[in-house]
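Written below as structure tokens is the structure these notes are about.
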Amino acid sequence: MSKFETSLIAALVGLCAVPPGSGSSYAAEPPGPAAAPTTVGLRAGDWLVHGRLVGMIPTERTSRIDPIGGRVDTPAAILPDFDLSYFLTDHLSVSGQAGPVRNRPVIRGSLVGDVAVGSIWNAVVSSVVRYHFLPDAAFNPHLGVGVSAMMPISVDPAPGIPTFKVASLICPVLQVGFDYHLTGNWFANAMVKYVFVPPQTYEIAGMKANIDMNMLIVGAGLGYRF
Numbered sequence: 462m463s464k465f466e467t468s469l470i471a472a473l474v475g476l477c478a479v480p481p482g483s484g485s486s487y488a489a490e491p492p493g494p495a496a497a498p499t500t501v502g503l504r505a506g507d508w509l510v511h512g513r514l515v516g517m518i519p520t521e522r523t524s525r526i527d528p529i530g531g532r533v534d535t536p537a538a539i540l541p542d543f544d545l546s547y548f549l550t551d552h553l554s555v556s557g558q559a560g561p562v563r564n565r566p567v568i569r570g571s572l573v574g575d576v577a578v579g580s581i582w583n584a585v586v587s588s589v590v591r592y593h594f595l596p597d598a599a600f601n602p603h604l605g606v607g608v609s610a611m612m613p614i615s616v617d618p619a620p621g622i623p624t625f626k627v628a629s630l631i632c633p634v635l636q637v638g639f640d641y642h643l644t645g646n647w648f649a650n651a652m653v654k655y656v657f658v659p660p661q662t663y664e665i666a667g668m669k670a671n672i673d674m675n676m677l678i679v680g681a682g683l684g685y686r687f
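Per my numbering, the sequence shown runs over residues 462 to 687.
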């Protein structure tokens, strides 16, 4: 074997003996930090705030007014609506909301014609437990059941109507709706809520108005998770 061949073999053996990571310019660069995955859907521990525009529509209305006859009409209304939800599990959340709601009942078709009753402000506090069917999906429908309490805070009679009182009410609530993941922490939201309102009685200047109605609430808006 020639001296040249012997020197070449020695050089190759020396290169193979260099330990990995010893400073060779050909050493692989360490991988960079992995990008955080985007969370789709809603999970246990999430807080979600909704802001919506809702329509409040009285349904199944019946009333009786003694002795002038007629009926009590509560007009539909469009209002802003907010709630806050906490996810106990991936499937189960509890939501709460509170705020004022104003009603303006009117007596229609009585012996003395149409009569505006006035303006009634109620403080409304409600809570709903919701079951979310598809927590891993962008589209996540839910079904909820809860209770709503309405407590009068201000009664402003219309001109010519004497002061009257309104009782507090406890109302069962059913709700269906969905959240749809848009991007990041933002969600589109829509819901339909049915409120079972107990019968009410107003006593005004010797007249007694008995009212029985429920309330359908339909709304849509946005949600933000934090």
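Ideal placement from N, C-alpha and C gives every residue a C-beta, glycine not left out.
If we ignore side chains and look at the alpha-carbon of each, how far apart do residue i and residue j end up?
i	j	result
V679	V653	5 Å
R686	G607	22 Å
A496	G682	Unreliable positioning characterises A496 in this predicted model, as indicated by a pLDDT of 46, which lies under 50. A coordinate reading is not provided.
E521	D542	23 Å
G484	G506	At G484, the pLDDT of 46 sits below 50, so the modelled position is not reliable; the number obtained from the coordinates is stated separately. Answer to the nearest angstrom: the Cα atoms are 47 Å apart.
A559	V515	15 Å
R591	H603	6 Å
R525	I672	7 Å
V576	I568	5 Å
P623	D534	19 Å
L572	L540	33 Å
T523	T500	48 Å
Determine the contact status of residue i and residue j, defining contact as a CB-CB distance below 7 Å.
i	j	result
H552	H593	yes
R532	G570	yes
V589	S629	no
F639	G684	no
G512	N601	no
I518	L677	yes
V627	A610	no
When you compare each of the options to residue i by their alpha carbons, which one comes out closest?
i	options	result
F625	Y663, V585, I539	Y663
L549	R504, N650, I539	R504
Quick one: is residue i buried, meaning 16 or more other Cβ sit within 10 Å of its Cβ, or exposed?
i	result
D527	exposed
G605	buried
A666	exposed
At least 3 beta-carbon pairs within less than 8 Å: the segment 563-579 vs the segment 593-610: no
The segment 578-595 contacting the segment 605-624, beta-carbon criterion three pairs below 8 Å: yes
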